[in-house]
Amino acid sequence: MRILLDYRPALRQRSGVGEYVHQLARALVRPSASSRAHTSPGSSPDAVELFTSSWKDRPDPAALAQLDGIARVVDRRVPVRLLNASWHRLQWPPVELLAGRSYDVVHSPHPLLMPARRAARVVTIHDLDFLLHPERTRDEIQRDYPAFVRRHAHAADAVVVPSACVRGRVVETLGVPEERIVVCPEGGPDWQPEPGTPPGNPGGRYVLFLGTLEPRKNVAGLLEAYAALCTRRPDTPPLVLAGRAIGDADRWLELIARPPLAGRVEYRGYVPDADRRALYLGARALVLPSFEEGFGLPVVEAMTLGVPVIASNRGALPEVSGGAALLVDPDDRGTISYALEQVLFDAELARRLGERGLHRSHAFSWDRTAALTREAYEAAIERKKGRA
340 MRILLDYRPA
350 LRQRSGVGEY
360 VHQLARALVR
370 PSASSRAHTS
380 PGSSPDAVEL
390 FTSSWKDRPD
400 PAALAQLDGI
410 ARVVDRRVPV
420 RLLNASWHRL
430 QWPPVELLAG
440 RSYDVVHSPH
450 PLLMPARRAA
460 RVVTIHDLDF
470 LLHPERTRDE
480 IQRDYPAFVR
490 RHAHAADAVV
500 VPSACVRGRV
510 VETLGVPEER
520 IVVCPEGGPD
530 WQPEPGTPPG
540 NPGGRYVLFL
550 GTLEPRKNVA
560 GLLEAYAALC
570 TRRPDTPPLV
580 LAGRAIGDAD
590 RWLELIARPP
600 LAGRVEYRGY
610 VPDADRRALY
620 LGARALVLPS
630 FEEGFGLPVV
640 EAMTLGVPVI
650 ASNRGALPEV
660 SGGAALLVDP
670 DDRGTISYAL
680 EQVLFDAELA
690 RRLGERGLHR
700 SHAFSWDRTA
710 ALTREAYEAA
720 IERKKGRA
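Numbering (my numbering), first residue to last: 340 to 727.
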């Protein structure tokens, strides 16, 4: 099978979709047992190629080195906005023309298709919050994106989603037939807990929020809940916010610079891949009180190291955490505050959550993600043949 994967989301600071496409690419090219299982006798292994295009953002040599030189990079220095406008509005040029070769399947790790002449086309839809809650979405996304996503989801030969939660939303909101949707849960890092550190990470120095600072993540609710806890318990550990700040995030950064949060909340910005494990190891707990998550990678990453997790009871977070997190109503800031207090000041609860998280984290691996994604590719190719 010859596969072309749109690698462009991984060219900038990787978070969310960028991390997904990078880790999926690594797993697809890895000669693992799962990939051998998908190679029939007498056939050749999958050939994975990565498509990049940008004037400004170039492929990161360190990131590409993780792909072991196995994946061929198709790099075309075309401005991203120009190419996207042509692709999404005109469905031209076909990717085979840009790459100079043909493929069996082309995969967009986001909801908008890459145009192709003969290849089966696959998209990944991570969540539909931009459709269900446009008030939490940036203006430039609200304009054309929802209409494009609806059209492209129906045109795709297969739709990949990270959770059963998102599958249900794609069926209900977009009307895509369930048989065309493949659930491919995302993976977790190959980290090991720090030797000698018990589950619950009692030596952690701070509460951690890791994610893009945007309305969907409920940053305002977290800050209010944390401030209330600090009023009740002055010995509350500091709060660390880590992730890219976009849109209206300046209002939250201004808020943490003023009392009562000044000196208690630290904003660290984007955290590179190489520093992320250490960031989790320093945390007493991870808190992710999002209004919506299609998966929630930080939950799996924290659980991998035995760090207790406090997560929203919305979206895919209950599904992903699988009973290993303390769940809260994101609209109830008092509940978030109380949950923080429980985990931070009840060592036995923190230990139990850490143990459950370690066990739950074993359910997720990028090799499994790649194996399920290959099944989606095969289904897409068969569907393409049936439509020919």
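Each residue gets a CB set at the ideal place from its N, CA and C atoms; glycine is no exception.
Owing to the predicted nature of the structure, the values given are computational and were not obtained by experimental measurement.
Legend entry - Through-space distance from residue 500 to residue 712, alpha-carbon basis: 10 Å
Inset, instruction - Would you check if the distance between the CB atom of residue 347 and the CB atom of residue 419 is smaller than 8 Å? - result: yes
Inset, instruction - For residue 669, collect the residues of the same chain with a Cβ closer than 8 Å to its Cβ; drop the 5 residues on either side in sequence, then sort them by chain order. - result: 557, 560, 628, 629, 630, 651, 652, 653, 675
Inset, instruction - Name the residue from 596, 678, 414 whose alpha carbon lies nearest to the alpha carbon of residue 580. - result: Ranking the options by Cα distance to residue 580, first place goes to 596.
Inset, instruction - Pair every Cβ in the stretch 697-705 with every Cβ in the stretch 631-650, then say whether three or more of these pairs are closer than 8 Å. - result: yes
Legend entry - Selection from 369, 455, 410, 610 that minimises the alpha carbon distance to residue 723: Nearest C-alpha to residue 723: 455.
Legend entry - Given 8 Å, three or more beta-carbon pairs between the stretch 630-639 and the stretch 672-689: Fewer than three pairs of CB atoms, one per stretch, sit closer than 8 Å, so the stretch 630-639 makes no contact with the stretch 672-689.
Inset, instruction - Look at residue 387 and residue 449 and say whether their C-beta atoms are less than 8 Å apart. - result: Between residue 387 and residue 449, the C-beta gap is not smaller than 8 Å, which leaves the two residues out of contact.
Inset, instruction - Find the nearest neighbour of residue 658 within the set 719, 522, 552, judged by alpha-carbon distance. - result: 522
Inset, instruction - Let me know the secondary structure DSSP gives residue 720 once reduced to three states. - result: helix
Inset, instruction - Rounded to whole angstroms, what's the CA-CA distance from residue 649 to residue 507? Just pull it up for me. - result: If I take the Cα positions, the gap works out to 24 Å.
Inset, instruction - Following the continuous alpha helix (DSSP H) through residue 367, name the residue where it begins and the one where it ends. - result: 356-368
Inset, instruction - Output the residue ranges of the alpha helix (DSSP H) runs that lie fully inside the stretch 438-516 and measure 4 residues or longer, sorted by chain position. - result: 468-471, 478-494, 503-508
Legend entry - Cβ contact (3+ pairs, closer than 8 Å) linking the stretch 605-625 and the stretch 488-502: no
Inset, instruction - Please look up how many angstroms separate the CB atoms of residue 622 and residue 545, rounded, as I've assumed it's under 8 Å. - result: So it is a contact: roughly 6 Å between Cβ atoms.
Inset, instruction - List the whole-angstrom C-beta distance separating residue 447 from residue 345, where the pair is believed to meet the contact cut-off of C-beta under 8 Å. - result: 5 Å
Legend entry - residue 526 beta carbon less than 8 Å from that of residue 708: yes
Inset, instruction - Write down every uninterrupted run of the beta strand (DSSP E) in the stretch 647-687 whose length is 3 residues or greater and which is fully enclosed by it, in chain order. - result: 648-651, 665-667
Inset, instruction - From the DSSP output, in three-state form, read off residue 353 for me. - result: coil
Legend entry - residue 358 versus residue 660: straight-line alpha-carbon distance, rounded: So the alpha carbons of these two residues sit roughly 19 Å apart.
Legend entry - Buried or exposed (CB count within 10 angstroms, at least 16 for buried), residue 570: exposed
Inset, instruction - With a threshold of 16 other CB atoms inside 10 Å of the CB of residue 585, please say whether the residue is buried or exposed. - result: exposed
Legend entry - Sequence ranges, alpha helix (DSSP H) only - wholly within the stretch 552-639, length at least 4: 558-571, 589-594, 612-620
Inset, instruction - Confirm, please, whether the CB-CB distance from residue 609 to residue 592 is below 8 Å. - result: no
Legend entry - Cβ neighbours of residue 425 in the same chain (closer than 8 Å, five flanking residues each side left out): 431, 432
Legend entry - Alpha carbon of residue 505 to alpha carbon of residue 517, nearest angstrom: 11 Å
Legend entry - Same chain, Cβ closer than 8 Å to residue 728, five either side skipped, listed in chain order: Residue 728 is absent from the structure shown; the chain starts at 340 and stops at 727.
Inset, instruction - Note down, in chain order, each residue of its chain lying with its Cβ closer than 6 Å to the Cβ of residue 656, except the 5 sequence neighbours on either side. - result: The beta carbon of residue 656 sits closer than 6 Å to those of 632, 635, 650, all from its chain and outside the five residues before and after it, given in chain order.
Legend entry - Rounded straight-line distance, which links the Cα of residue 341 to that of residue 682: 48 Å
Legend entry - Nonlocal neighbours in the same chain, by C-beta distance under 6 Å from residue 604, ignoring five residues either side: 578, 595
Inset, instruction - Quick one: residues in its chain with C-beta nearer than 8 Å to the C-beta of residue 512, no 5 flanking neighbours on either side, listed in chain order? - result: 467, 470, 471
Legend entry - Which of helix, strand or coil DSSP assigns to residue 379: With a pLDDT of 49 at residue 379, under the threshold of 50, the modelled position of this residue cannot be trusted; read the value that follows with caution. Note: residue 379 maps to coil in three-state DSSP.
Inset, instruction - State the start and end residues of the unbroken beta strand (DSSP E) segment that holds residue 521. - result: 520-522
Inset, instruction - Following the continuous alpha helix (DSSP H) through residue 425, name the residue where it begins and the one where it ends. - result: 419-429
Legend entry - residue 475 and residue 599 closer than 8 Å at C-beta: no
Inset, instruction - Go ahead and label residue 362 buried or exposed: buried means 16 or more other beta carbons lie within 10 angstroms of its beta carbon, across all protein chains shown. - result: buried
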